[in-house]
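**Q** In my numbering, each residue carries its 1-based index in the sequence shown increased by 108. From the three backbone atoms N, C-alpha and C, an ideal C-beta is built for every residue, glycine too. Below is a structure I'd like to ask you about.
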Amino acid sequence: MLLTHFSHDSDFFKAFVFQSLQENFKLKTMQRFKNKTALITGGTNGMGLATAQKFIEEGGAVIITGRSEDTVNIALEKLGEKAFGIVSDAGNIKDLLNLQQEVRKYTEQIDLVFANAGYGRFAPVEFVDENQFDELFNLLVKGPFFTVQQLLPLMNSGSSVIFNTSVATDIAMHNFSVYSAAKSAVQSFIKTFAVELTERGIRVNGVSPGHIKTNIFNNTGLTGEQIESAIEDIIPTIPFKRQGEPSEIANVVLFLASEEASYIHAAEVKVDAGISVIR
């Protein structure tokens, strides 16, 4: 009887310890970014907004950027009192060079830069003009480069830079030549920035999203009906037969920015349901 009683107590103790560990892990996870501040470009919707929401949920504060005051304010209403907004166009060099000054209105330290802002435009090679080419390269290449450059003075050892790349760097897509080339440049930033920032203790990584539920098609010139048709055509090509959720990108961004990823540097994590490999 004594052995049986001890066994029951032991099982109870194990269950108690396991539950306590779960609760402690959950509490620790929820506070991974306590007293930390993130700067997220394109933080008013999609992957940027989802990342901002999760960063705040885990104890941090967030500064988001967006191109219009209306979209920034709408996002801030969703994010609450630990979020701050800057109206800034990631494709405008004047705004980029003024970004540090604007950020200093809220903080003197940035712990995470998520260079996320971007969109795509469809056009066959023969119909791409210089304006469209420059528009995408200004937004997708100059944007992340000068965003990080300008915020480096606010970043200390232990901080993190995360670039948003794209599955378009792995899969050749019709009518997406300029977007793909621009994202390939960002992909190279992961390595080159990592080389230069290692001595400063700043980790640099990237996340490569697949087909995610965002408004990326909104600036392509397609109608709503055409966008729906395009998505219907895309879904069967995805190994999981669904689009990814913005939160699924946010989860990876937060992991890369956390202490759990302290030995991950100069890496690009593909979050694409395997489509870059399984086709």
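Taking the alpha-carbon of F284 as reference, which of Q295, G199, G193 and L244 has the nearest alpha-carbon?
**A** L244
**Q** I need the straight-line Cα distance from T152 to I182, nearest angstrom please.
**A** Approximately 8 Å between the Cα atoms of the pair.
**Q** Out of G226, G168 and G318, point me to the one whose CA is closest to G174's CA.
**A** G226
**Q** Between G332 and S265, how many whole angstroms is the CB-CB distance? I'm expecting something under 8 Å.
**A** Not really, about 47 Å apart at Cβ, beyond 8 Å.
**Q** Could you spell out where the beta strand (DSSP E) holding K250 opens and where it closes?
**A** No beta strand (DSSP E) contains K250, which DSSP labels as neither H nor E.
**Q** Spell out the partners DSSP gives R311 in its beta bridges.
**A** S268
**Q** Tell me which residue opens and which closes the beta strand (DSSP E) that L220 is part of.
**A** L220 to A223
**Q** Could you tell me the alpha carbon to alpha carbon distance between E189 and I164, rounded to whole angstroms?
**A** 10 Å
**Q** Suppose you measure from the CA of F363 to the CA of L330; what does that come to, to the nearest Å?
**A** 35 Å
**Q** Is it true that the CB of S384 sits closer than 9 Å to the CB of G316?
**A** In the sequence under discussion, the amino acid at residue 316 is Ser, which differs from the Gly named in the question. For S316 and S384, yes; Cβs fall inside 9 Å.
**Q** Taking only three categories from DSSP, how would you classify E451?
**A** With the chain covering 109 to 387 only, the question about residue 451 has no answer from this structure.
**Q** Looking only at C-alpha atoms, which of V303, P347 and M263 sits nearest to L147?
**A** M263
**Q** With DSSP as the reference, label S196 as helix, strand or coil.
**A** In the structure shown, S196 adopts coil according to DSSP, grouped into three states.
**Q** Is the number of C-beta pairs between the segment 230 to 247 and the segment 272 to 280 that are closer than 8 Å three or more?
**A** no
**Q** With a CB to CB cut of under 8 Å and the five nearest residues on each side skipped, what residues in its chain are close to E352?
**A** According to the sequence displayed, residue 352 carries Gly and not Glu. The beta carbon of G352 sits closer than 8 Å to the beta carbons of P317, G318, H319, I320, K321, V379, D380 and A381 from its chain, once the five residues preceding and following it are set aside; these are given in chain order.
**Q** Return the residue from the list V303, Q139, S176 and F325 that minimises the CA-CA distance to V195.
**A** S176
**Q** Looking at the secondary structure, which residues open and close the alpha helix (DSSP H) in which I298 lies?
**A** Here the alpha helix (DSSP H) through I298 covers S285 to L305.
**Q** Evaluate contact between the segment 197 to 207 and the segment 249 to 257, counting only Cβ atoms and requiring at least three cross-stretch pairs below 8 Å.
**A** yes
**Q** Nearest by alpha-carbon distance to I346: which of N246, A169 and R387 is it?
**A** R387
**Q** Determine the contact status of L220 and F141, defining contact as a CB-CB distance below 9 Å.
**A** yes
**Q** In the DSSP assignment, what residue or residues form a beta bridge with P317?
**A** Under DSSP, the beta-bridge partners assigned to P317 are V379.
**Q** Which residue or residues does DSSP assign as beta-bridge partners of I343?
**A** DSSP lists no partner for I343.
**Q** I need the straight-line Cα distance from A355 to F241, nearest angstrom please.
**A** Going by the sequence as given, residue 355 is Ser instead of Ala. The alpha-carbon atoms of S355 and F241 are separated by roughly 30 Å.
**Q** Cα-Cα, which of K144, A158 and T149 is closest to E216?
**A** K144
**Q** Who pairs with V170 in a beta bridge, going by DSSP?
**A** A146 and A191
**Q** For the candidate residues S267, N206 and N239, whose alpha-carbon lies nearest to that of I218?
**A** S267
**Q** For I171, count the other beta carbons within 10 Å of its own beta carbon; 16 or more makes it buried, fewer makes it exposed. Which is it?
**A** buried
**Q** Just to confirm, are F222 and A365 a CB contact at a threshold of 9 Å?
**A** The Cβ-Cβ distance between F222 and A365 falls below 9 Å.
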